[in-house]
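Step one of this worksheet: look at the structure below.
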Amino acid sequence: MLYTMQQTFSQRVYEVVRTIPRGETRTYAYVALCAGNSRAVRAVGNILHKNYDPSIPCHRVIRSDGRLGGYNRGIQNKRRLLLKERAI
DNA sequence: CGTATGACGTGCA
DNA sequence: GTGCACGCCATAC
73 MLYTMQQTFS QRVYEVVRTI PRGETRTYAY VALCAGNSRA VRAVGNILHK
123 NYDPSIPCHR VIRSDGRLGG YNRGIQNKRR LLLKERAI
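Quick note: the first sequence uses the numbering used here, first residue 73, plus one each step.
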């Protein structure tokens, strides 16, 4: 898992999040780890915050302490989506 | 270039 | 359970 082909960290984050199966969740720390930098958890949040691509299920990314975190389309929407997928 | 931002994580009171 | 301080890092400006 290295930064090949000039891929930016954000692009790797998008890839990882896209692979999250329906009905499951991942933590920001997990995404950061898979993206290549386990300490960039904060950057992951920053990146997903600016992402508006619907093909990326960023609502399945939650915090490590069990809370949902945030969502660029409203935290209510995020919770509703997760409940609908029975991810929580 | 330097500074600010933020959907985090941990520790502690 | 709550709240705060600090560290941490890719981006935006």
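Beta carbons are placed, not taken as given, at the ideal position from N, Cα and C, and that holds for glycine. In this text, all values refer to a predicted model and were calculated from it rather than measured experimentally.
Are the Cβ atoms of residue i and residue j separated by less than 8 Å?
i: Val89; j: Pro129; result: yes
i: Arg166; j: Glu96; result: For the chain, the structure presents residues 73 to 160; residue 166 sits outside this window and is missing.
i: Ser82; j: Ile119; result: yes
Residue i and residue j look like a contact to me (Cβ under 8 Å); what is the Cβ gap, rounded to whole Å?
i: Arg84; j: Ala107; result: 4 Å
By DSSP's criteria, residue i is part of a beta bridge. Which residues make up the other side?
i: Leu98; result: Checking the sequence shown, residue 98 turns out to be Arg, not Leu. DSSP output for Arg98 lists Val133 as bridge partner(s).
Inset, instruction - Decide yes or no for the touch test of the stretch 98-117 against the stretch 134-154: beta carbon pairs closer than 8 Å, at least 3 of them. - result: Three or more beta-carbon pairs drawn from the stretch 98-117 and the stretch 134-154 are found closer than 8 Å, and the two stretches are therefore classed as touching.
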